[in-house]
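Here's the structure, in structure tokens; my notes come after.
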Amino acid sequence: MELLGKIITNILTALYEPFGFSLLLSFMTMFFYLYAYEPGEAGKGWKSALVTWYERFKGSVFFRKLFLLVFVTSMILFRTLLNRNLWLNPLSNVLDGWGIWKTVNGEQVLTTEGIENVIMMVSFTGVLMWTFEEKTGNGWRKILWHSGKTALIFSVSIETLQLLLRLGTFQLSDIFYNTVGGVIGGLMYYGIRKARKRL
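For reference, each letter of the sequence shown is one residue, going 40 to 238 in the numbering used here.
Below, the structure is given as structure tokens:
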């Protein structure tokens, strides 16, 4: 129970840290979206812009889906790229990170990075499939293919950027856990979509 409590605390802390930043970034990003797709409301002042934003959020399901997708994506980017320290050797732990324990200065320390990777990618691919459900198709094979492929490409892109920018370490375990999370997210999306249709 103590181990489970530590795991839950670590995961909730990892999700809590970027929450405010991601919310603000999503809010601002959707302003850019409105400026691009509704230029007629641009240049009329902050009050008009806020009213337009609120009305679009209230009236458009796609706008709300896109807001949620930007929010989840920004949380992932905050954890993986935007809030990382520089590493002298980003290839120092390529084969590390497969378990929940790591050795630091001779002591075993609990790490939940693998679980966090799965959770973040489950939410990312689930929201992505939901946002663009017209393009993903109805069959479970197509949904799993799209979600797994998207998670793999997104994960490899993040790990490559970490390598090039020296932000964190390049790890094969991260790519694996992210891809598994993407497939699980696709499965959950398919299951929820099928249950909604039955209801």
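Beta carbons are placed, not taken as given, at the ideal position from N, Cα and C, and that holds for glycine.
Checking 8 Å against the spacing of the C-beta atoms, do Gly187 and Gly221 come in under that value? yes
Use the C-beta contact count for Ile223: other C-beta atoms within 10 angstroms, 16 or more gives buried, fewer gives exposed. buried
Am I right that Asn49 and Thr151 are in contact with their C-beta atoms under 8 Å? What's the rounded C-beta distance? 4 Å
How is the alpha helix (DSSP H) around Leu108 delimited, first residue to last? Val100 to Leu116
What residue range does the alpha helix (DSSP H) around Asn156 cover? Glu152 to Thr170
Among Glu77, Asn128, Thr170 and Asp213, which one has its Cα closest to the Cα of Leu134? Asp213
Give a yes or no on whether the C-beta atoms belonging to Thr189 and Leu167 are separated by under 8 Å. Closer than 8 Å, so yes.
Kindly indicate which three-state DSSP category Lys83 falls into: helix, strand or coil? coil
Would you kindly check if the distance between the Cβ of Leu202 and the Cβ of Leu125 is under 8 Å? no
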